[in-house]
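**Student:**
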Amino acid sequence: MSKLYTGAEIVFKCLEDQEVEYIFGYPGGAVLPIYDELKNHSSIKHILVRHEQGAGHAAEGYARSSGKPGVVLVTSGPGATNVVTALTDAYMDSVPLVCISGQVPTHLIGTDAFQECDTTGITRPCTKHNWLVKDIKDLSRVMHEAFKVATSGRPGPVLVDIPKDIQFAKINYAKFKKEKKVNGKLHNKFSSNEIDLLIDLISKSKKPIVYTGGGVINSGPEASETLKEFVRLIGFPITSTLQGLGAFPGDDNQFIGMLGMHGTYEANNAMHDCDLLINIGARFDDRITGKIDEFSPKSKKVHIDIDPSSINKIIKVDLAIVGDVNEVIKLTIKRINKKQNGLKDSNKQKISKWWEQIQKWRTKDSLGFINSDKEIKPQYAVKRLYELTKNQDTFITTEVGQHQMWAAQHYKFNKPNRWMTSGGLGTMGYGLPAAVGVQIAHPDKLVIDIAGEASVLMTMQEMSTAVQYSLPIKIFILNNQYMGMVRQWQELLHEKNYSESYSEALPDFVKLAEAYGCKGIKADNPNELDEKIKEMIDYKGPVIFDCHVDPNENCFPMIPSGKPHNQMILGPNDKRENKITGKGKSLV
Amino acid sequence: MPSPKSAYSIPTKIGKLDTHIFVVWVDNEAGVLARVVGLFSGRGYNIESLAVAEVDATKNISRITIVTTGTPQVIDQIKLQLKKLVPVHKVADFKREDKKVIFKEMALLKIVAQKKKIEKCLKECKKFNPVILDKTNKSIVVQITALRREIDKMSKKLKPYGLTSTSRTGAIAMTRGAETFK
Chain V
1 MSKLYTGAEI VFKCLEDQEV EYIFGYPGGA VLPIYDELKN HSSIKHILVR
51 HEQGAGHAAE GYARSSGKPG VVLVTSGPGA TNVVTALTDA YMDSVPLVCI
101 SGQVPTHLIG TDAFQECDTT GITRPCTKHN WLVKDIKDLS RVMHEAFKVA
151 TSGRPGPVLV DIPKDIQFAK INYAKFKKEK KVNGKLHNKF SSNEIDLLID
201 LISKSKKPIV YTGGGVINSG PEASETLKEF VRLIGFPITS TLQGLGAFPG
251 DDNQFIGMLG MHGTYEANNA MHDCDLLINI GARFDDRITG KIDEFSPKSK
301 KVHIDIDPSS INKIIKVDLA IVGDVNEVIK LTIKRINKKQ NGLKDSNKQK
351 ISKWWEQIQK WRTKDSLGFI NSDKEIKPQY AVKRLYELTK NQDTFITTEV
401 GQHQMWAAQH YKFNKPNRWM TSGGLGTMGY GLPAAVGVQI AHPDKLVIDI
451 AGEASVLMTM QEMSTAVQYS LPIKIFILNN QYMGMVRQWQ ELLHEKNYSE
501 SYSEALPDFV KLAEAYGCKG IKADNPNELD EKIKEMIDYK GPVIFDCHVD
551 PNENCFPMIP SGKPHNQMIL GPNDKRENKI TGKGKSLV
Chain H
1001 MPSPKSAYSI PTKIGKLDTH IFVVWVDNEA GVLARVVGLF SGRGYNIESL
1051 AVAEVDATKN ISRITIVTTG TPQVIDQIKL QLKKLVPVHK VADFKREDKK
1101 VIFKEMALLK IVAQKKKIEK CLKECKKFNP VILDKTNKSI VVQITALRRE
1151 IDKMSKKLKP YGLTSTSRTG AIAMTRGAET FK
């Protein structure tokens, strides 16, 4: 008879076999047997957070910056309910998470026991799949399946709920063999015929655009390399969603900026006027499309995605290719090169007029802003931060709001997995714990959370985690004392009725930093900004940087609600110009 | 249109709705029905009827039949979303008008009335293979099998004759001929 292991030991055996190095968690009554077992497994390090939501976001930051699944360990009841926001966030942004939750013993399930909740019921709509393990015999199978489901196809969060008696129960453990063939739910069945159709569309188009999303990042770093090769080969302009930033170098001339609600003038106009739109790993989110009826009305649309349910969900496409982004583009490049029908050269000629048009749109400088020498403009702060950190491999996380959009607009990403932001769910409080997770995965790299003062207060407690593990994360707060994006909407749509969007009684962030045992820096003058940013970067420990910015600045350009891409509101710079010339618009 | 004051777009016109019957083969495990039904409620799809039972005890497979309505785009989404669920093996989708598929629903009808009226009821039911399951002086329980809309009609028709309660299974489906759905 082989050796018997407890359920808690099996959990760790599975984690070891899955090569898990870090788990983010918080102990409690129903997971104590698992926590008791932790000391016997030195290859797995536990990161103690201050709130379970923080554990979830930290695991997301870890997963998105490393490409490995993030593992979360929480207790029953409140532990599980607190992690729901992070699970939903991971579900919306396709981040692989494996959440293990404790549960009351099986005989107490359904009796309203202490710290009991219907965890699998609550998390069913916000996970790819979840399991309640009611029999020790199922535990190892479920654990391994959990990792498989989380990481295969379109990645996402899963949850395994383990009652306390199962953690104590004993059984033998069969050595895990990693399967080569992945989950049956993985769809990678595109045909070479579809690739030929795509190449045909590419060779015929005169006004093309490539629109990429988070799917390229999720397909692995190799996909970004392949994308670069593909886009350079065909010479098309490329735009990216919020989640896709970094897949293609942000400072490259072919990159025309982010698209969507706060995207650039050139990207949105190109989306509207194009005759061929190639969507690679994006999902036609409503922040991207604007008014559906008038979305890119003249174009043939191609959609490459691993998730068949993303196709034709919002926008009907002419050619759908279901498959892994990297595989699809690789094959496309191969076939273009094989054909050698002069496509490479003729193509660039054909679209030269289109590039001229794009250059005209570019002269609008839609990300421009009126700088000040008295107040720090938030855009200026992000620009300076970029200039002073671009010479090193920097990882950026953000919270949600105006600062997030300014970061996306003004920070240029050149590599994938360097940009972690909550896009789908838009979770304020994401950035600080995510930075913790990123720093765990990349201990020697510079990790900055570009934050807003309102967002960061939602998960501020995780500074304590950063200090405990000596994680030198930098929290760069663009402090405008408002929930800026809410204020902007109220200004534009609700007659400047700033209902509850001003935060009175904000803490002194420098003192708060000191209270947590880290460094606080405050800046409110543009002349001292560079010097203070350098001070932040050079400090070998966590920093909270309180950057006081102009409280009235709005985030432009912007597509207002219910409007198509070619009806953007531009910034004050443009308005002023228009007033002066009177014919501003006709000039472009 | 006046400004909607919204961060979201304005709904576009809803197209023509079709009735479809989905047949879903799933692992018969705890919570699987909740997953399927939760998908419908969570994404705002409609369920007209639902029938579910285990069909293969050795392989532990249940067969779920769902009648739903939606635009072609929504119907397509339902199918693709169902296929993404981990315990779902395969999904078949039939249009109600599809001649290659048999759709049937069973109903139990309780009629409380005098003999004459009961006789009349039975006569009305004749087309739908009526089986008398219970009979007293004052009442009768009849089983009929028919299409959904035929049962709809019957319930309306039999009300004046003393139909007091109806129990329906919801539609189930099977393709005609020797072929099975793969």
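Those protein sequences? They're chains V and H, same order as listed. FYI, in my numbering the residues of the first sequence are 1 to 588. FYI, in my numbering the residues of the second sequence are 1001 to 1182. Even glycine gets a Cβ: it sits at the ideal position worked out from N, Cα and C.
Could you name the residues of the segment 1040 to 1069 of chain H whose beta carbon sits closer than 7 Å to any beta carbon of chain V, in the order they occur along the chain?
**Tutor:** Under the 7 Å Cβ criterion, the segment 1040 to 1069 of chain H contributes G1042.
**Student:** Just list the residues that DSSP pairs V/T123 with in beta bridges.
**Tutor:** Taking the first residue of the first sequence as 1, we reach residue 123 of chain V at position 123. The partner list for V/T123 (beta bridge, DSSP) is empty, contrary to what the question assumes.
**Student:** State yes or no: is the C-beta of V/H410 within less than 8 Å of the C-beta of V/L367?
**Tutor:** Residue mapping note: residue 410 of chain V aligns to position 410 of the first sequence, counting from 1. Residue mapping note: residue 367 of chain V aligns to position 367 of the first sequence, counting from 1. Yes, the pair counts as a contact, with Cβ atoms nearer than the cut-off.
**Student:** For V/S101 versus V/G121, is the C-beta distance shorter than 8 Å?
**Tutor:** Looking up residue 101 of chain V in the first sequence gives position 101. Looking up residue 121 of chain V in the first sequence gives position 121. Contact flag unset, no.
**Student:** Of all the alpha helix (DSSP H) runs that stay within the bounds of the segment 8 to 56 of chain V, which reach a length of 4 or more residues?
**Tutor:** 32 to 37, all fully within the segment 8 to 56 of chain V.
**Student:** Decide if the segment 102 to 110 of chain V is in contact with the segment 27 to 43 of chain V; the criterion is three or more beta carbon pairs, one per stretch, under 8 Å apart.
**Tutor:** Taking 8 Å as the limit for Cβ pairs, the verdict is that the segment 27 to 43 of chain V does touch the segment 102 to 110 of chain V.
**Student:** Measuring straight from C-alpha to C-alpha, what distance separates H/E1119 and H/I1132?
**Tutor:** Here residue 1119 of chain H refers to the residue found at position 119 when the second sequence is read from its first residue. Here residue 1132 of chain H refers to the residue found at position 132 when the second sequence is read from its first residue. Cα-Cα distance, rounded: 12 Å.
**Student:** What's the C-alpha gap between V/G153 and V/G213?
**Tutor:** What you label residue 153 of chain V is simply residue 153 of the first sequence in a count that begins at 1. What you label residue 213 of chain V is simply residue 213 of the first sequence in a count that begins at 1. If you take the alpha carbons of V/G153 and V/G213, they lie about 16 Å apart.
**Student:** Taking the alpha helix (DSSP H) that V/G214 falls in, what are its first and last residues?
**Tutor:** Numbered from its first residue, the first sequence carries residue 214 of chain V at position 214. Element bounds for V/G214: G214 to N218.
**Student:** How big is the Cα-Cα spacing for V/K496 and V/L259?
**Tutor:** Reading the first sequence from its first residue, position 496 is the one you call residue 496 of chain V. Reading the first sequence from its first residue, position 259 is the one you call residue 259 of chain V. Answer to the nearest angstrom: the Cα atoms are 27 Å apart.
**Student:** Quick check: the Cα distance between H/I983 and H/K1127, rounded to an integer number of angstroms?
**Tutor:** Because chain H here runs from 1001 to 1182, residue 983 of chain H falls outside it and cannot be looked at.
**Student:** Hey, does V/L242 have any beta-carbon neighbour from chain H nearer than 8 Å?
**Tutor:** Along the first sequence, one-based indexing puts residue 242 of chain V at 242. No, because no Cβ of chain H sits closer than 8 Å to the Cβ of V/L242.
**Student:** Alpha carbon to alpha carbon, what distance is there between V/Y469 and V/R287?
**Tutor:** For the purposes of this step, residue 287 of chain V is taken as the residue at position 287 of the first sequence. For the purposes of this step, residue 469 of chain V is taken as the residue at position 469 of the first sequence. For V/R287 and V/Y469, the distance between alpha carbons rounds to 37 Å.
**Student:** Mind checking who H/T1166 pairs with in its DSSP beta bridge?
**Tutor:** The count along the second sequence starts at 1 and reaches residue 1166 of chain H at position 166. Beta-bridge pairing links H/T1166 to H/L1109.
**Student:** Can you tell me whether DSSP reads V/D200 as helix, strand or coil?
**Tutor:** Taking the first sequence and counting its residues from 1, the one referred to as residue 200 of chain V is at position 200. In this structure, V/D200 counts as helix in the three-state DSSP scheme.
**Student:** Are any of the Cβ atoms in chain V nearer than 8 Å to that of H/V969?
**Tutor:** Not covered by the structure: residue 969 of chain H. The range shown for chain H is 1001 to 1182.
**Student:** Apart from the five residues on each side of it in sequence, which residues of its chain come closer than 8 Å, Cβ to Cβ, to V/K540?
**Tutor:** The residue labelled residue 540 of chain V in the question sits at position 540 within the first sequence. Answer for V/K540: P472, listed in chain order.
**Student:** Compare the Cα-Cα distances from V/I597 to each of V/D324, V/E225, V/A282 and V/A515 and report the closest residue.
**Tutor:** The shown model of chain V, from 1 to 588, leaves out residue 597 of chain V, and the question about it has no answer.
**Student:** Using a Cβ-Cβ cutoff of 8 Å, what residues of the segment 481 to 509 of chain V are near chain H? List them in chain order.
**Tutor:** Listed by position along the chain: W489, L493 and H494.
**Student:** Ends of the alpha helix (DSSP H) at V/P78?
**Tutor:** As a first step, residue 78 of chain V must be located in the first sequence, where it is residue number 78. Looking at the DSSP string, the run of the alpha helix (DSSP H) that includes V/P78 is P78 to N82.
**Student:** At which residues does the alpha helix (DSSP H) containing H/E1048 begin and terminate?
**Tutor:** Locating residue 1048 of chain H in the second sequence gives position 48, counting from the first residue. Counting along the chain, H/E1048 falls outside any alpha helix (DSSP H), and DSSP gives it neither H nor E.
**Student:** Closest to V/I47 by CA distance: which of V/V467, V/Q481 and V/I521 is it?
**Tutor:** In the first sequence, residue 47 of chain V corresponds to position 47, counting from 1. Checking every option, the nearest Cα to that of V/I47 belongs to V/V467.
**Student:** Excluding sequence positions up to five away, which residues of its chain have a Cβ less than 8 Å from the Cβ of H/Q1073?
**Tutor:** By one-based count along the second sequence, residue 1073 of chain H stands at place 73. Contacts found: G1015.
**Student:** Who pairs with V/G520 in a beta bridge, going by DSSP?
**Tutor:** For the purposes of this step, residue 520 of chain V is taken as the residue at position 520 of the first sequence. Paired residue(s): V/I544.
**Student:** List, in order along the chain, the chain V residues whose C-beta lies closer than 8 Å to that of H/G1038?
**Tutor:** Residue 1038 of chain H sits at position 38 when you count from the first residue of the second sequence. Those are R124 and P125, listed as they occur along chain V.
**Student:** Look at the Cβ atom of V/G517, then the Cβ atom of V/F509, and state whether they are nearer than 8 Å.
**Tutor:** As a first step, residue 517 of chain V must be located in the first sequence, where it is residue number 517. As a first step, residue 509 of chain V must be located in the first sequence, where it is residue number 509. Cβ distance not < 8 Å, so V/G517 and V/F509 don't count as in contact.
**Student:** Can you tell me whether V/I103 is helix, strand or coil according to DSSP?
**Tutor:** By 1-based counting over the first sequence, the position of residue 103 of chain V is 103. In the sequence on display, residue 103 of chain V carries Gln and not Ile. In the structure shown, V/Q103 sits in a strand (DSSP, three-state: E or B).
**Student:** Return the CA-CA distance between H/M1174 and H/Q1077, expressed in angstroms with no decimal places.
**Tutor:** Counting from one through the second sequence, the residue named residue 1174 of chain H turns up at place 174. Counting from one through the second sequence, the residue named residue 1077 of chain H turns up at place 77. Distance between the alpha carbons of H/M1174 and H/Q1077 is about 22 Å.
**Student:** Which one or two residues does DSSP pair with H/E1054 in a beta bridge?
**Tutor:** The count along the second sequence starts at 1 and reaches residue 1054 of chain H at position 54. DSSP lists H/S1062 as partners of H/E1054.
**Student:** Starting from V/H144, trace the alpha helix (DSSP H) in both directions and tell me its first and last residue.
**Tutor:** Reading the first sequence from its first residue, position 144 is the one you call residue 144 of chain V. Looking at the DSSP string, the run of the alpha helix (DSSP H) that includes V/H144 is L139 to T151.
**Student:** So for V/A320, helix, strand or coil by DSSP?
**Tutor:** If you number the first sequence from 1, residue 320 of chain V lands on position 320. Strand at V/A320.
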